[in-house]
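Colleague: Listed in order, the protein sequences are those of chains F and X.
For the first sequence, this note's numbering gives the first residue as 17, with consecutive numbering after it.
For the second sequence, this note's numbering gives the first residue as 617, with consecutive numbering after it.
Even glycine gets a Cβ: it sits at the ideal position worked out from N, Cα and C.
Below is the structure I would like to discuss, written out as structure tokens.
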Amino acid sequence: MRITENRIISDFLLGVNRTRERLNQLNLQVSSQKRIQKVSDDPEGASAVMKYDGQLERIGQYSKNVDDGKGMLKVTADAIHTIANAVRSVKGIVAGASNTSDHTLVTQLADQIDHFLDMSVDLANTQFNRKYIFGGTSTTSAPFVSRINGNPPTQTIEYTGNTSSIQYPVGEGLQQPVNLDGQNVFSNGSATTRVTFGGSLDANAAVNSTFTMNRPLTDGLGVTHNILLSFTKTAPNTWNISAAMPPGATDAILSGGTATATFDPATGQLTGLSSVTPMTMTPAGTAPAPPFAIDLRSIGLTQSAGVSSTLSGTIPTNGVNFSGVLDPQASINATVNLSSRITDSLGVAHDIVFSFTKTAANTWQVGTASATGATITGGTGTGTATFDPATGALTGFAPAVALQLTGLTSGAPAMTVTLGGNGLTQTARVNGIGRNDSLFNTLIDIRDKLRSGISPTSADLDTVTSFEQKLMEKEATAGSMVQTLDLAQTHLKDQQSHLLTLRGAIQDVDLAEVGMKLKQEQVNLDAALSTGARIIPHSLLDFLK
Amino acid sequence: MSGLSLLLETARRALNAQQLGISVTGHNIANASTPGFSRQRAELVPTLPVFQGNGLIGTGVIGQGVSRLRNGFIDQQIRSSNQAMGQATSEQQILSQVEATFNEPSDAGLSSAMTNFFNSWQDLATHPEDTVTRDTVLQRAKQLTESFHRLHTDLTSFRGSLRDDVTTKLSRINTLSKEISDLDGQIIAGNAVGVDSSDVKDQRDLRLDELSKLANISVTEDSQGSVTVSLGGTVIASKGGANFLKSASAPGVAVGGGTFDQLKIITETGGIDVAVSGGELGGVLTSYNSTLSEYLGKLDQLAQGIIGAVNAPHAAGFGRGTPAPTGINFFSGTDASTMQIDLTDTSTGAAPGSGVNINNIAAAAGPPPPAAGDNRVALQIAGLASAAQVSLGGNTVLQFYNELVTGVGTSISTAENIATSHELVLNQLEGQRDAVSGVSIDEEMTNLIKFQRAFDAAARIVNTTNEMYQTILDMV
Chain F
17 MRITENRIIS
27 DFLLGVNRTR
37 ERLNQLNLQV
47 SSQKRIQKVS
57 DDPEGASAVM
67 KYDGQLERIG
77 QYSKNVDDGK
87 GMLKVTADAI
97 HTIANAVRSV
107 KGIVAGASNT
117 SDHTLVTQLA
127 DQIDHFLDMS
137 VDLANTQFNR
147 KYIFGGTSTT
157 SAPFVSRING
167 NPPTQTIEYT
177 GNTSSIQYPV
187 GEGLQQPVNL
197 DGQNVFSNGS
207 ATTRVTFGGS
217 LDANAAVNST
227 FTMNRPLTDG
237 LGVTHNILLS
247 FTKTAPNTWN
257 ISAAMPPGAT
267 DAILSGGTAT
277 ATFDPATGQL
287 TGLSSVTPMT
297 MTPAGTAPAP
307 PFAIDLRSIG
317 LTQSAGVSST
327 LSGTIPTNGV
337 NFSGVLDPQA
347 SINATVNLSS
357 RITDSLGVAH
367 DIVFSFTKTA
377 ANTWQVGTAS
387 ATGATITGGT
397 GTGTATFDPA
407 TGALTGFAPA
417 VALQLTGLTS
427 GAPAMTVTLG
437 GNGLTQTARV
447 NGIGRNDSLF
457 NTLIDIRDKL
467 RSGISPTSAD
477 LDTVTSFEQK
487 LMEKEATAGS
497 MVQTLDLAQT
507 HLKDQQSHLL
517 TLRGAIQDVD
527 LAEVGMKLKQ
537 EQVNLDAALS
547 TGARIIPHSL
557 LDFLK
Chain X
617 MSGLSLLLET
627 ARRALNAQQL
637 GISVTGHNIA
647 NASTPGFSRQ
657 RAELVPTLPV
667 FQGNGLIGTG
677 VIGQGVSRLR
687 NGFIDQQIRS
697 SNQAMGQATS
707 EQQILSQVEA
717 TFNEPSDAGL
727 SSAMTNFFNS
737 WQDLATHPED
747 TVTRDTVLQR
757 AKQLTESFHR
767 LHTDLTSFRG
777 SLRDDVTTKL
787 SRINTLSKEI
797 SDLDGQIIAG
807 NAVGVDSSDV
817 KDQRDLRLDE
827 LSKLANISVT
837 EDSQGSVTVS
847 LGGTVIASKG
857 GANFLKSASA
867 PGVAVGGGTF
877 DQLKIITETG
887 GIDVAVSGGE
897 LGGVLTSYNS
907 TLSEYLGKLD
917 QLAQGIIGAV
927 NAPHAAGFGR
937 GTPAPTGINF
947 FSGTDASTMQ
957 IDLTDTSTGA
967 APGSGVNINN
977 IAAAAGPPPP
987 AAGDNRVALQ
997 IAGLASAAQV
1007 SLGGNTVLQF
1017 YNELVTGVGT
1027 SISTAENIAT
1037 SHELVLNQLE
1047 GQRDAVSGVS
1057 IDEEMTNLIK
1067 FQRAFDAAAR
1077 IVNTTNEMYQ
1087 TILDMV
């Protein structure tokens, strides 16, 4: 084959350029420490690197989630552990209190229980990373709230959280719960809600008179249901209690919930609660909370003397005072009629019915509805009563229009009656509240019993022991959940190192290998250049004279 | 003719012939590095012998002309390799720009934006009650939509710039067609008057080579040495003249998630469709009509897939507030260019995206009012990162994108391999052509010496004949 000078030069250039390209590629690999700069360098490898990078990013995120969840569960376990210790101390106090009648000592023991109660509630409201850990998915408000209701005022610790589990992603398609809800940890058995009634019933009410009122209850998912409680006087000092859903309500079905309460006519104290049928609420709707039992208790329910009003002042100007109770939880515009008896100048009594309409919280508008044996002409008798929301005591009574009575059937002359509020209190006739059968409420019961001088029973001790047992179980549950997360973490770390190895095998530069290749290409280039330099300038011309 | 005068005549012819040889050698050396030049050879043939005395006696040599040394078969092979290499090279250049636009594997590409977006939903799932995690989701979503917009804009404007490429290449093709037909005319005219047209043919062949890089031409040469060049069945250059080409728009074609306009090549006169399937022009056309349309279509499909997959659980979930906002879309838009963050309650008639509010980000599944720590929708959306999507052919979003980007890389390396292998073939063929047509200085120097020595020898014959005449004259 003929080889021309041009051929030698173009072949030489082609070879040198190729060698330089390879050198540049190797140099890029060394300087960037990456074998693949762009996808076309190795499409399959680049695809794998992109896949591994995505997986590694997600594993990093899962790992972060697991750490976060572990932190939350560790705080949960610690809180449960401390509360269990407190319960153990309470157990000792209860055991000691059963055997003493020293009043001072018993009060001290009650104070100690109160201290442990406060501490436990604080711990049950522990936050981790700005989340309340015992509230289920209700994480932004303290799950255990102390409320004082009823007459006499009774403290209850209400659970405002829910029983939902919080799931964290801990792997591809894998989720793990990272919380224990307060209902589950601090309540015995299923969600039993106790309804207690504080307040007083009117001893002078007519037989068959009925009082009704709505009471809110919270189910396991945190949904609030109203129940309608009716109190019907069946005989003097005897009241039938029944519960139902308000008319038209479809959010739950209520069964049972009847009882008969009897009172001591002299003191007004409850003497017994009989014929109790268990009350069960079954929430309705899509994905409702499970049915739960409601326990009717009657601590604090009293029957007080009814409204009586006596004439005071001089004819023709008479004053009337009321005594009686108004419901602080009544809705605005609710109206209650109170009957009052006024004696005229001839000594004849007239029954006058006054209406009380709630116009604002703790404010009632008084008006006259009807009078027996007399005609209301001119002034109809109005005024406004305001009450202290804490104590229920009357804080002010502003009479507006005086009541003018004429045409008295007794033949007595017309009289003017000024309204006054003496003796009027705002206290629910019946004050029922939803109350959870929890550790905290059990402690409250025992404390209050001790404070009123009642020794705890062995049943109380058993209850406390069962809570202690339960707390230890829950601590173990939290511990095993941490272990599950530890396993997940180990698995993630294994996966991570495996993926890093796979990715490294594709993307990392083997410096030794690249170094060798670089050296080889350099030798090739040197050889090509030196050979080229030798042969290209030479031709026959060099040797012709 | 007497012996001595025949001898002188023979010597004169020899001197002329060797001179021709030397001038051809000179021409070859002068053009040793002229592109497209084929070495030439003086065609020396013995003249007819004469009958004298007892036999035929040779009468010397005559230079019949100059011919170029060229192998037409190699030329054809080179042109066909040129087409394939031209197409592969232009596709490789275009795809490399596409690859640079995707910018993968890196921390700044769309794949990283998608991973970050879905990871931010995991952050939200672990802290649904926080404002910070909601803000992170919003920021990551902004990065994601911006990545889609940037890719879409870059690819669309790059695709548009290919129209200019087509115009430039067509104008070069038209120029070359014109030159080829002009040169062909010169060859035929030269043939008619018997002028040697080797150098004109070299110039024409050089242009044919260049034209073959630009498009899938086929060349036929007739007995007169005149060529006919056709492209996709249409004659674009012949001795009769050039047939100019231009580009025209064709109806759009739906690919993936979008519809894309098409380009075709037609003749300037008559508007006949010309099928261009190779060369650099073929590469640019394929890229414009199918490759880039496909990438843009897939990008739109991916954006649609993400919008649909995120919106479905999001609209069913609940945000923060009283009452908790629900029925709200996370994204608005239908493709990569229109994808936007919505997060607006559009039930009141507000335009999508006009009231972006992080409290409208739905992390909770309800029922209303949802608990602050309810993270079930956030979990569901975070899980989309590794969930197969029917709208993406059963791939996860990352797999779909991964395949798209890997497809670009694979096409580049295929084009690179084609270009490299044709470069080798072409080098080989050019070697062969050079072996036939290339000028070797050594060879020409040798020829020079050969012709010079022959010239010297012929002169010696003149001298000797002269001396013979002298001898005869002295005898008189």
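Relative to the C-alpha of Ala-658 of chain X, which candidate in X:Gly-637, X:Gln-668, X:Gln-709 has its C-alpha closest?
Modeller: Checked all of X:Gly-637, X:Gln-668, X:Gln-709; the closest Cα to Ala-658 of chain X is X:Gly-637.
Colleague: On the three-pair Cβ rule with 8 Å, is the region 697-713 of chain X touching the region 852-862 of chain X?
Modeller: No, they do not touch.
Colleague: Name the residues in the region 714-729 of chain X whose C-beta lies less than 8 Å from a C-beta of chain F; which are they?
Modeller: Going along the region 714-729 of chain X in chain order, one finds Glu-715, Ala-716, Phe-718, Glu-720, Pro-721, Ser-727, Ser-728 with a Cβ nearer than 8 Å to chain F.
Colleague: If we cut at 9 Å on Cβ distances, does Leu-501 of chain F have a partner in chain X?
Modeller: Taking Cβ atoms only, chain X never reaches closer than 9 Å to Leu-501 of chain F, which makes this a no.
Colleague: Nearest CA to the CA of Leu-72 of chain F: which residue from F:Glu-529, F:His-554, F:Arg-519?
Modeller: Among F:Glu-529, F:His-554, F:Arg-519, the Cα nearest to that of Leu-72 of chain F belongs to F:Arg-519.
Colleague: 9 Å is my cut-off, CB to CB: does Asn-976 of chain X come that close to chain F?
Modeller: For Asn-976 of chain X, the answer is no, since every Cβ of chain F falls outside 9 Å of its Cβ.
Colleague: Buried or exposed: where does Asn-735 of chain X fall if 16 or more other Cβ atoms within 10 Å of its Cβ makes it buried?
Modeller: By the 10 Å Cβ count, Asn-735 of chain X comes out buried.
Colleague: Please state the DSSP three-state secondary structure of Val-890 of chain X.
Modeller: DSSP places Val-890 of chain X in strand when its eight states are reduced to three.
Colleague: Within 9 Å (strictly less), CB to CB, does Pro-983 of chain X reach chain F?
Modeller: Yes, contact with chain F.
Colleague: With DSSP collapsed to three states, give me the class of Phe-774 of chain X.
Modeller: It is helical.
Colleague: Less than 8 Å between the CB atoms is what I'm expecting for Ala-757 of chain X and Ala-994 of chain X, so what's the real figure, rounded?
Modeller: Not quite, the Cβ-Cβ distance comes to about 13 Å (not below 8 Å), so this is no contact.
Colleague: Please decide whether Met-1146 of chain X counts as near chain F, where near means a Cβ-Cβ distance under 9 Å.
Modeller: Residue 1146 of chain X is absent from the structure shown; chain X starts at 617 and stops at 1092.
Colleague: At a Cβ threshold of 9 Å, is Phe-734 of chain X touching chain F?
Modeller: Yes, its Cβ sits closer than 9 Å to a Cβ of chain F.
Colleague: Report yes if the CB atom of Ala-704 of chain X is closer than 9 Å to the CB atom of His-1038 of chain X, and no otherwise.
Modeller: Against a cut-off of 9 Å, the Cβ pair of His-1038 of chain X and Ala-704 of chain X comes out as a contact.
Colleague: Step through the CB atoms of chain F and report whether any lies within less than 9 Å of the CB of Asp-818 of chain X.
Modeller: No, its Cβ sits nowhere closer than 9 Å to a Cβ of chain F.
Colleague: In or out: Thr-458 of chain F buried (at least 16 other Cβ within 10 Å) or exposed?
Modeller: Buried, because 16 or more other Cβ atoms sit within 10 Å of the Cβ of Thr-458 of chain F.
Colleague: Is the distance from the Cβ of Lys-249 of chain F to the Cβ of Ala-222 of chain F below 9 Å?
Modeller: Yes.
Colleague: Could you please tell me which residues of the region 868-890 of chain X, in chain order, have their CB closer than 9 Å to any CB of chain F?
Modeller: Going along the region 868-890 of chain X in chain order, one finds no residue with a Cβ nearer than 9 Å to chain F.
Colleague: How is Asp-812 of chain X classed by DSSP in three states: helix, strand or coil?
Modeller: In the structure shown, Asp-812 of chain X sits in coil (DSSP, three-state: anything other than H, G, I, E or B).
Colleague: Which value, in whole angstroms, describes the spacing of the CA atoms of Ala-376 of chain F and Ala-401 of chain F?
Modeller: Cα to Cα, the separation comes out at about 11 Å.
Colleague: Any heavy atom of the ligand SAH closer than 8 Å to the Cβ of Phe-202 of chain F?
Modeller: Of the ligands one can find in the structure shown there are none, so the ligand SAH has no counterpart to examine.
Colleague: As an exercise, report each continuous alpha helix (DSSP H) stretch of at least 4 residues that is fully enclosed by the region 681-722 of chain X, in chain order.
Modeller: Runs of the alpha helix (DSSP H) inside the region 681-722 of chain X: 688-718.
Colleague: With 9 Å set as the bound, which would you pick, yes or no: does the beta-carbon of Ala-207 of chain F sit closer than that to a beta-carbon of chain X?
Modeller: Because Ala-207 of chain F carries a pLDDT of 45, less than 50, the predicted location of this residue cannot be relied on, and no value is offered for it.
Colleague: So Thr-156 of chain F contacts chain X; which residues on that side make the cut at Cβ distance below 8 Å?
Modeller: Neighbours of Thr-156 of chain F on chain X, chain order: Glu-745, Ala-988, Gly-989.
Colleague: Quick check: the Cα distance between Gly-874 of chain X and Pro-867 of chain X, rounded to an integer number of angstroms?
Modeller: So the two alpha carbons sit approximately 14 Å from each other.
Colleague: Can you tell me which of the three DSSP states Ser-180 of chain F falls into?
Modeller: It is coil, neither helix nor strand.
Colleague: For chain F, is any of its Cβ atoms less than 9 Å away from the one on Val-1021 of chain X?
Modeller: For Val-1021 of chain X, the answer is yes, since a Cβ of chain F falls inside 9 Å of its Cβ.
Colleague: Straight-line CA distance for Gln-755 of chain X to Leu-44 of chain F?
Modeller: Cα to Cα, the separation comes out at about 34 Å.
Colleague: Which residues in chain X sit within 7 Å of Leu-30 of chain F, going by Cβ to Cβ distance?
Modeller: Simply Asn-1043.
Colleague: Under 9 Å, do Asn-1018 of chain X and Ser-787 of chain X count as touching if we go by C-beta distance?
Modeller: No, they are not a contact pair.
Colleague: Taking the C-alpha atoms as reference points, what is the distance between His-241 of chain F and Gln-128 of chain F?
Modeller: When rounded, the distance between both Cα atoms is 36 Å.
Colleague: Going straight from the alpha carbon of Ile-149 of chain F to that of Asn-195 of chain F, what length do you get?
Modeller: Rounded to the nearest angstrom, the two C-alpha atoms are 7 Å apart.
Colleague: Going by alpha carbons, who is nearest to Ala-416 of chain F out of F:Thr-398, F:Met-431, F:Ala-428, F:Gly-423?
Modeller: Considering only alpha carbons, the answer is F:Thr-398.
Colleague: Taking 8 Å as the threshold, find out whether the region 660-680 of chain X comes into contact with the region 620-634 of chain X through three or more Cβ pairs.
Modeller: The region 660-680 of chain X is in contact with the region 620-634 of chain X.
Colleague: Taking the straight line between their C-alpha atoms, what separation do you get for Ala-251 of chain F and Ile-462 of chain F?
Modeller: Rounded to whole angstroms, Ala-251 of chain F to Ile-462 of chain F spans 33 Å at the Cα level.
Colleague: If we ignore side chains and look at the alpha-carbon of each, how far apart do Arg-750 of chain X and Asp-723 of chain X end up?
Modeller: Using only the alpha carbons, I get a separation of about 23 Å.
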